[in-house]
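Data block below; observations after.
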């Protein structure tokens, strides 16, 4: 049997076949174990378990997988319990396990992935329940402790970049560089190589790699292979990269390099229970960013926020709070100061996609800010709560002629 330590999972037997694998995240370790087509697999700390995870938070025979047409898991009376997609199992209770659903056994995170198509499996993010959100948070914590490559998938503005930064800040690489590489069709090989070299010892946040041309993807893959484990990648995207790889829009080897573990970032509408805390945290950050006194939300303002569906997610929430803060005259933000109706009306009137509606609303706000600031880009950027560079990139994206200085 392979030697093990307190943070390493090892397999006691060769469970070949089946096409399914079990991904085990425990501490900084990330390992995969082949699963059989049919039969049972016991997971635990004991050396007689089929998959041994030698960690004190697991029981000797913690849980049992039963495999066949479907996969079920049963808690074996463990001391710290078994949690599937946020729900704690009762002793002896058998539940179906969907591909990609997170299974928590002690401090370890397990994911059953399905053979040839396992690149499409995503960790189930949350059902919107308090338990599901807590499970999502624990998943983030476990991923942060490992060096596995992470793929974050979610709607625009859902907070993928924030989570990428959080994964780095909570990891053993926290004191090392965190470098962002925004993939665009015009990104040069020198840009790509410089970004990866700058991230040595730290983390690389890679945005939308499928937008790189074929040459750029080849350069990126070669550079990542060269630096090896010295750079941890966190890739953020709104696209289905597995499908992009199938269509030839993304190099398949590059996809497998960056998609070690995939995680769906829940949209804001699925996080209603967190809305008050998120808004409060944003107001604290905005006050520091703009050197303004801390502002509070009135009860009617909080009620208005809770009624929104947030197609623009965290970005839309931040824009609404930023505008209210910058235009407000008191320390308390009321519902009348929150411009929340325009986006919802636009969605209903246009019948267009959420991304198109969000773009339209962002375009409108930028134009309004520029008009109110007499074309001054710096002042308009401050009003919108973004940097001047971000405003300029938005002007280029929407084809808006930049105001003359």
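In my numbering, the protein residues as written are -10 to 394.
Using N, Cα and C, we set each Cβ at its ideal position, and we do this for glycine too.
query	result
Separation of residue 129 from residue 111, as counted between CA atoms	14 Å
Helix, strand or coil at residue 205 [DSSP, three-state]	helix
Residue 17 in three-state terms, based on DSSP	coil
Three-way DSSP call (helix, strand, coil) for residue 64 in this model	strand
Length of the line joining the Cα atoms of residue 133 and residue 124	14 Å
Collapsed DSSP secondary structure at residue 79 in the structure displayed	coil
Cβ contact check for the segment 88 to 103 and the segment 45 to 57: 3 or more pairs under 8 Å	yes
Reduced DSSP category for residue 158 - H, G, I as helix; E, B as strand; rest coil	helix
Euclidean distance between Cα positions of residue 152 and residue 236	28 Å
Distance between residue 166 and residue 382 (C-alpha atoms, nearest Å)	24 Å
Neighbourhood of residue 80 by C-beta, 6 Å cutoff - its chain only, sequence neighbours within 5 removed	64, 66
Other residues of its chain near residue 276: CB distance less than 7 Å, five sequence neighbours each side excluded	282, 283, 284
Expected contact under 8 Å - CB spacing of residue 101 and residue 84 to nearest Å	12 Å between Cβ atoms; not a contact.
Residue 254 vs residue 156 beta-carbon contact at 7 Å	no
Helix, strand or coil at residue 378 according to DSSP, with G and I counted as helix	helix
Span separating the alpha-carbon of residue 11 from that of residue 23	6 Å
Inter-residue Cα distance where the pair is residue 8 and residue 56	12 Å
Buried versus exposed call for residue 379 [16 or more other C-beta atoms within 10 Å across all chains shown]	exposed
Residue ranges of each alpha helix (DSSP H) within the segment 202 to 259, 4 or longer	203 to 216, 230 to 235, 241 to 247
Spatial distance of residue 162 from residue 324 (CA atoms)	42 Å
Per-residue burial, residue 361 [other beta carbons within 10 Å of its own, 16 or more giving buried]	exposed
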